[in-house]
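Participant: Supplied in structure tokens, the structure appears directly below.
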Amino acid sequence: MLSILNLNIKNKILLIRSDFNVPIDLNGNIISDIRIRLSLPTIKYALKKGSKIIIASHLGRPSEGKYNSLFSLKKIAIYLEKILNHKVILQKNYLNGCEFKNNEIILLENVRFNIGEKDNSIKLSKQYASLCDIFVMDAFATSHRIHSSTYGVINFAKKSCAGFLLINEIKNLKKLLKNPVKPIISIIGGAKISTKFNVLKKISKLSDKVIVGGGIANTLLSLNNDIGSSLYEPNAILLAQEIINKYKNIILPVDCVVSTSIKNNSLVKIKNINNILKNEKILDIGHKTINIIKNELKKAKTILWNGPIGVFEFKNFRKGTENIVKAIINSNAFSIVGGGDTLAAIELFNAFNKISYISTGGGAFLKYIEGRKLPVISILENIL
88 MLSILNLNIK NKILLIRSDF NVPIDLNGNI ISDIRIRLSL PTIKYALKKG SKIIIASHLG
148 RPSEGKYNSL FSLKKIAIYL EKILNHKVIL QKNYLNGCEF KNNEIILLEN VRFNIGEKDN
208 SIKLSKQYAS LCDIFVMDAF ATSHRIHSST YGVINFAKKS CAGFLLINEI KNLKKLLKNP
268 VKPIISIIGG AKISTKFNVL KKISKLSDKV IVGGGIANTL LSLNNDIGSS LYEPNAILLA
328 QEIINKYKNI ILPVDCVVST SIKNNSLVKI KNINNILKNE KILDIGHKTI NIIKNELKKA
388 KTILWNGPIG VFEFKNFRKG TENIVKAIIN SNAFSIVGGG DTLAAIELFN AFNKISYIST
448 GGGAFLKYIE GRKLPVISIL ENIL
């Protein structure tokens, strides 16, 4: 894969496709800036080398063809200018060209406002390509999407290459899948087993032990236990049965934190898995399960974590996630963490600089682990 390091970028106009699709609260404040921070090395390198920089990104899922201030990159531009200590201009109308007045960075307004972006429009792809001398793909989290600003533009740009973030993602995921140091302990959480069925199978084959939590664990537990009113997938019982029958290295919770409501002040109880009442919800793992997980992680040489274990957004239900984070950062194992909610947990417990590798990918991360081809990666690997 051609790297930005392999090209002469001095005085060249670069179009860097970053992923600034970060969570923003109702007041417009950025909740987690991990994706922005991990995008900085490519941008800083281009600045140092004297490139003229245009950055493209999406934010959320706005309707195409309409400007919507809720999905504007205005807050991103302000934030980027602050952390780079360099002038950043947000440009709304750019498809017919960008004009550099000084040495500012131009941030294009949300690419998903453009008609044809998600359909990989040839016209739009050509318009993106016409903006630059070199297209730099640095958004691993969108590398599974055949969109104009991620895939189509590569077909028409004068030259295309990968940025540092994208290259590091591929290098570390290849290390995990092709040459891992064992034992490997994986932690898989999240709401739905149906969306992670294939990745759960792949990880179960790859790992020595697989710790399962969240709604996925609830569905597996429901095969032999009454889980009350907990979140689970009744339509995925056959998938759950296949997982339990085929893979004997899966560790499920033995106790849990339950409540009848999901609030910061909810009354909680810790119960064994076989003692849950009809009106109770499983919302976190209990002390016994936490200790089991800690003991397993002590043995690990490689740790993979994707998906939250409890409803950690509420302080009553975050002990499990907090203890997992602490166990990972206190381990000497190579640790790789991916998925939007998982990144939020890493940030909540101030572990950003203590994880060996943080993947910015959600869907792309899971698809790569499954062994599926990512279209953007495939096309970049064919560029000489």
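The numbers in the numbering used here rise by one with no breaks, and the one at position 281 of the sequence shown is 368. Even for Gly, the Cβ is constructed at its ideal location relative to N, Cα and C.
1) What's the C-alpha gap between residue 346 and residue 365?
2) Along the chain, where does the alpha helix (DSSP H) that runs through residue 167 open and close?
3) Nearest to residue 414 by alpha carbon, out of 201, 429, 385 and 433?
4) Tell whether a beta-carbon distance below 8 Å holds between residue 410 and residue 381.
5) Helix, strand or coil for residue 247 per DSSP?
6) Under DSSP, the beta strand (DSSP E) around residue 444 begins and ends at which residues?
7) Comparing alpha-carbon positions, which option in 195, 359 and 331 lies nearest residue 342?
8) Does the segment 235–254 come close enough to the segment 454–461 to have 3 or more Cβ pairs within less than 8 Å?
9) Helix, strand or coil, according to DSSP, for residue 421 in the structure here?
10) Nearest to residue 441 by alpha carbon, out of 430, 451, 448 and 340?
11) Tell me the rounded alpha-carbon separation between residue 128 and residue 286.
12) Tell me the residue span of the alpha helix (DSSP H) that contains residue 428.
13) Take residue 470 and list the residues in its own chain whose beta-carbon comes closer than 7 Å to its own, dropping the five residues that flank it on each side.
14) So, for residue 452: in the same chain, excluding its five sequence neighbours on each side, which residues have a beta-carbon less than 6 Å away from its beta-carbon?
15) According to DSSP, what are the bridge partners of residue 143?
16) Start and end of the alpha helix (DSSP H) containing residue 288?
17) With distance defined between alpha-carbon atoms, name the residue in 103, 205 and 292 nearest to residue 149.
18) Given that a residue counts as buried once 16 or more other Cβ atoms are within 10 Å of its Cβ, and exposed if not, what is residue 189?
19) Using 10 angstroms around the beta-carbon of residue 319, count the other beta-carbons present and answer buried if the total reaches 16, otherwise exposed.
20) Work out the CA separation of residue 166 and residue 97 for me, nearest whole Å.
21) Looking at residue 272 and residue 303, is the spacing between their C-beta atoms short of 8 Å?
22) Should the segment 135–152 be called in touch with the segment 249–260, which here means at least 3 C-beta pairs below 8 Å?
23) Rounded to whole angstroms, what's the CA-CA distance from residue 222 to residue 172? Just pull it up for me.
24) Below 8 Å between beta carbons: does that hold for residue 157 and residue 107?
Facilitator: In terms of the structure at hand:
1) 11 Å
2) Start and end: 161–171.
3) 385
4) yes
5) strand
6) 444–446
7) 359
8) no
9) strand
10) If you compare the alpha carbons of 430, 451, 448 and 340 with that of residue 441, the shortest gap goes to 430.
11) 30 Å
12) 427–435
13) These residues qualify, in order along the chain: 89 and 247.
14) 425 and 446
15) 104
16) 280–293
17) 205
18) exposed
19) buried
20) 26 Å
21) no
22) Taking 8 Å as the limit for Cβ pairs, the verdict is that the segment 249–260 does not touch the segment 135–152.
23) 24 Å
24) no
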